[in-house]
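**Q** Sequential numbering from 1 applies to the sequence shown in the working numbering.
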Amino acid sequence: MPRKIIIDTDPGQDDAVAILLALASPELEVMGITAVAGNVPLSLTQRNARIICELAGRSDMGVYVGCDAPLARRLVTAEHVHGKTGLDGPQMVDPTMPLQSRHAVDFIIDTLRGAAPGTVTLCPLGPLTNIATAFRRAPDIIARVQEIVLMGGAYFQVGNITPTAEFNIYVDPEAAAEVFAAGVPLVVMPLDVTHKALATQARVDAFRALGSRVGDMVAEWTNFFERFDKEKYGSAGAPLHDPCVIAYLLQPDLFTGRHVNVVVETGSDLTLGMTVADWWRVTDRAPNAMFMGDVDADGFFALLTARLARL
Ligand code: RIB
Ligand code: CA
Numbered sequence: 001m002p003r004k005i006i007i008d009t010d011p012g013q014d015d016a017v018a019i020l021l022a023l024a025s026p027e028l029e030v031m032g033i034t035a036v037a038g039n040v041p042l043s044l045t046q047r048n049a050r051i052i053c054e055l056a057g058r059s060d061m062g063v064y065v066g067c068d069a070p071l072a073r074r075l076v077t078a079e080h081v082h083g084k085t086g087l088d089g090p091q092m093v094d095p096t097m098p099l100q101s102r103h104a105v106d107f108i109i110d111t112l113r114g115a116a117p118g119t120v121t122l123c124p125l126g127p128l129t130n131i132a133t134a135f136r137r138a139p140d141i142i143a144r145v146q147e148i149v150l151m152g153g154a155y156f157q158v159g160n161i162t163p164t165a166e167f168n169i170y171v172d173p174e175a176a177a178e179v180f181a182a183g184v185p186l187v188v189m190p191l192d193v194t195h196k197a198l199a200t201q202a203r204v205d206a207f208r209a210l211g212s213r214v215g216d217m218v219a220e221w222t223n224f225f226e227r228f229d230k231e232k233y234g235s236a237g238a239p240l241h242d243p244c245v246i247a248y249l250l251q252p253d254l255f256t257g258r259h260v261n262v263v264v265e266t267g268s269d270l271t272l273g274m275t276v277a278d279w280w281r282v283t284d285r286a287p288n289a290m291f292m293g294d295v296d297a298d299g300f301f302a303l304l305t306a307r308l309a310r311l
């Protein structure tokens with residue numbers, strides 16, 4: 001029985017690779033893709049989500065438009081990382097598949113209410129605005145969520161958008177604080193682990209060697225968005241943040257981490273959006289998240305490349 005998931009996303013080149021990995025994997029049933037404002041404005045993330053579905057041959061996929069701004073703050077975007085369109089690198093044509101008419105938040109609520117409790121996993125790859133809005137509007141769905149597996153946060157790796165905050169959490173810290181405190185089983189892929197999933201030249205060459213449009217697009221996307229991390233961190237390639245979420249669903253033993261308490265800072269301008277992980281368990285705060293710290297990078301890229309070969 002495939003695992004039912006909803007992907008909530010702000011594409012973004014790494015979101016694109018995550019979505020392709022999910023659509024290439026029969027172990028997963030993608031019930032819908034909900035777009036949120038993040039890397040680029042919502043008008044582009046909903047466009048990009050459809051481009052990715054069409055690239056995967058899935059123009060039948062339900063793509064839903066979500067929230068265009070954080071719960072309580074102005075939107076901060078990341079064109080400096082992902083380019084003006086959010087999918088810079090290769091030339092992209094506008095999608096022709098339709099958007100769904102239902103709002104993404106209504107789709108999330110309806111899907112969780114319509115499925116047996118504990119059978120739908122939420123996979124947020126961007127700011128948590130859609131998820132928090134759904135929980136606020138329909139608190140009854142919180143207990144129905146099987147698990148949330150998200151990309152966001154940082155502890156030992158500290159921040160990528162401020163000295164202390166990772167982008168997805170920083171954009172909507174109030175939403176993140178509410179999701180982290182909701183009591184849903186949580187698996188977190190922070191920068192601590194995603195910065196170890198680097199698309200080195202050899203790994204990008206393996207994408208190209210697939211000899212497919214998917215392989216070529218993924219190679220061009222990673223070659224584009226690696227500049228930011230190479231300049232900032234001296235990385236050996238683009239960190240494939242969001243695909244870690246999907247890879248965990250397919251092969252959880254690729255990842256190691258700790259079940260600890262994680263609280264999101266919302267009160268301090270200096271550390272806004274910081275995920276304060278009690279890694280050494282020095283407080284009496286109850287653990288609420290499986291916070292990942294390491295990945296078998298070769299195994300991750302072997303899985304990813306093998307699955308992309310199927311598209
Ligand atoms: O900080 C990395 C995260 O922010 C990734 O999800 C990337 O796509 C951006 O949304
Ligand atoms: Ca993302």
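For every residue, glycine included, the Cβ atom is placed at its ideal position computed from N, Cα and C.
Which whole-angstrom value is the C-beta distance of LEU122 and ILE131, which I expect to be below 8 Å?
**A** By one-based count along the sequence shown, residue 122 stands at place 122. By one-based count along the sequence shown, residue 131 stands at place 131. Contact flag correct, Cβ pair sits at about 6 Å.
**Q** Quick one: using the 10 Å Cβ neighbour count with 16 as the cut-off for buried, is ALA306 buried or exposed?
**A** If you number the sequence shown from 1, residue 306 lands on position 306. Classification of ALA306: exposed, given that the 10 Å Cβ count is below 16.
**Q** Comparing C-alpha positions only, which one of MET92, PRO127 and VAL63 sits nearest to ASP107?
**A** What you label residue 107 is simply residue 107 of the sequence shown in a count that begins at 1. Per the sequence shown, the amino acid found at residue 107 is Phe instead of Asp. Closest by alpha carbon: VAL63.
**Q** Just to confirm, are LEU87 and ILE109 a CB contact at a threshold of 8 Å?
**A** On the sequence shown, position 87 is the one that residue 87 refers to. On the sequence shown, position 109 is the one that residue 109 refers to. Result no, Cβ atoms of LEU87 and ILE109 do not sit closer than 8 Å.
**Q** Does the structure place the region 201-216 close enough to the region 69-81 that three or more beta carbon pairs sit under 8 Å?
**A** No, the region 69-81 does not touch the region 201-216.
**Q** Below 8 Å on the Cβ atoms is my guess for THR45 versus ASP10; work out the distance and round it to an integer in Å.
**A** Here residue 45 is taken as the residue at index 45 of the sequence shown, counted from 1. Here residue 10 is taken as the residue at index 10 of the sequence shown, counted from 1. So it is a contact: roughly 5 Å between Cβ atoms.
**Q** Short check: CB of PRO90 to CB of GLU220, under 8 Å?
**A** Indexing the sequence shown from 1 puts residue 90 at position 90. Indexing the sequence shown from 1 puts residue 220 at position 220. It is a contact, given that the beta carbons lie within the stated cut-off.
**Q** Please state the DSSP three-state secondary structure of PRO173.
**A** Here residue 173 is taken as the residue at index 173 of the sequence shown, counted from 1. Looking at PRO173 - three-state DSSP - the assignment turns out to be helix.
**Q** The alpha helix (DSSP H) with ALA16 in it runs from where to where?
**A** Taking the first residue of the sequence shown as 1, we reach residue 16 at position 16. Here the alpha helix (DSSP H) through ALA16 covers 13-23.
**Q** What I want to know is whether the C-beta of HIS80 ends up closer than 7 Å to one or more non-hydrogen atoms of ligand 1.
**A** Counting from one through the sequence shown, the residue named residue 80 turns up at place 80. Flag unset: Cβ of HIS80 not near ligand 1.
**Q** Have a look at LEU28 and GLY38 and give me their C-alpha separation to the nearest angstrom.
**A** What you label residue 28 is simply residue 28 of the sequence shown in a count that begins at 1. What you label residue 38 is simply residue 38 of the sequence shown in a count that begins at 1. Each residue's alpha carbon lies about 25 Å from the other.
**Q** Between the Cα of ILE33 and the Cα atoms of THR77, VAL93, PRO98 and ARG74, which residue gives the shortest distance?
**A** As a first step, residue 33 is located in the sequence shown; it is residue number 33 there, counting from the start. Ranking THR77, VAL93, PRO98 and ARG74 by Cα distance to ILE33 puts PRO98 first.
**Q** Measuring from the CB of ASP192, is there a heavy atom of ligand 2 at a distance below 7 Å?
**A** Position 192 of the sequence shown, counting from 1, holds the residue named residue 192. ASP192 Cβ: outside cutoff for every heavy atom of ligand 2.
**Q** Grouping DSSP H, G and I as helix and E and B as strand, with all else coil, what is HIS80?
**A** Working through the sequence shown from its first residue, we reach residue 80 at position 80. Residue state, collapsed to three classes: helix.
**Q** Ignore the nearest five residues each way along the sequence and tell me which others in ASN168's own chain have a CB closer than 6 Å to its CB.
**A** By one-based count along the sequence shown, residue 168 stands at place 168. Counting only Cβ-Cβ distances below 6 Å, and skipping sequence neighbours, we find GLY126, PRO127 and GLY152.
**Q** Which runs of the alpha helix (DSSP H), 4 residues or longer, sit entirely within the region 117-195?
**A** Taking only runs of at least 4 residues, the alpha helix (DSSP H) segments lying wholly in the region 117-195 are 129-137, 167-171, 173-180 and 191-194.
**Q** What's the call for SER25, buried or exposed, on a 16-neighbour Cβ count within 10 Å?
**A** If you number the sequence shown from 1, residue 25 lands on position 25. Buried, because 16 or more other Cβ atoms sit within 10 Å of the Cβ of SER25.
**Q** Counting only the same chain and skipping the five closest in sequence on each side, list residues whose C-beta sits under 7 Å from that of ILE161.
**A** Taking the sequence shown and counting its residues from 1, one reaches residue 161 at position 161. Closer than 7 Å at Cβ, skipping near neighbours: PHE167 and TYR170.
**Q** Is it right to say ALA116 is buried, meaning 16 or more other beta carbons lie within 10 angstroms of its own, or is it exposed?
**A** Counting from one through the sequence shown, the residue named residue 116 turns up at place 116. ALA116 should be labelled exposed.
**Q** Report yes if the CB atom of VAL105 is closer than 8 Å to the CB atom of LEU112, and no otherwise.
**A** Within the sequence shown, residue 105 is the residue found at index 105, counting from 1. Within the sequence shown, residue 112 is the residue found at index 112, counting from 1. Taking 8 Å as the Cβ cut-off, VAL105 and LEU112 do not qualify as a contacting pair.
**Q** Which term fits VAL179, buried or exposed, when burial requires 16 or more other beta carbons within 10 angstroms of its beta carbon?
**A** Reading the sequence shown from its first residue, position 179 is the one you call residue 179. It counts as buried.
**Q** With distances taken Cα to Cα, identify the nearest neighbour of GLY83 among THR271, ASP216 and ASN223.
**A** For the purposes of this step, residue 83 is taken as residue 83 along the sequence shown, with counting starting at 1. Considering only alpha carbons, the answer is ASN223.
**Q** Excluding the 5 residues preceding and the 5 following MET290 in the sequence, name in chain order all residues of the same chain whose CB lies nearer than 6 Å to its CB.
**A** Locating residue 290 in the sequence shown gives position 290, counting from the first residue. Closer than 6 Å at the Cβ level, and outside the excluded window around MET290, lie VAL187, GLY257 and HIS259.
**Q** Just to confirm my understanding: we take ALA206, look at its own chain, exclude 5 residues before and 5 after, and list those with CB closer than 6 Å. What are they?
**A** For the purposes of this step, residue 206 is identified with residue 206 of the sequence shown, where counting begins at 1. THR305.
**Q** Short of 6 Å in beta carbon distance, which residues of its chain neighbour ALA56, apart from the five on each side in sequence? Order them along the chain.
**A** For the purposes of this step, residue 56 is identified with residue 56 of the sequence shown, where counting begins at 1. Correct list, in chain order: LEU20, LEU23 and LEU311.
**Q** For ALA78, I'd like the list of residues in its chain whose CB is within less than 7 Å of its CB, leaving aside the five on either flank, ordered along the chain.
**A** Here residue 78 refers to the residue found at position 78 of the sequence shown. Same-chain partners within the cutoff: ASN39 and PHE167.
**Q** Reducing DSSP to helix, strand and coil, say where ARG113 ends up.
**A** As a first step, residue 113 must be located in the sequence shown, where it is residue number 113. In the structure shown, ARG113 sits in a helix (DSSP, three-state: H, G or I).
**Q** Which residues mark the beginning and the end of the beta strand (DSSP E) in which GLY257 is found?
**A** The sequence position of residue 257 within the sequence shown is 257, counting from 1. First-last of the beta strand (DSSP E) with GLY257: 255-260.
**Q** Is it the case that the CB of HIS259 approaches a heavy atom of ligand 1 more closely than 7 Å?
**A** Taking the sequence shown and counting its residues from 1, the one referred to as residue 259 is at position 259. Not so, every heavy atom of ligand 1 lies at least 7 Å from the Cβ.
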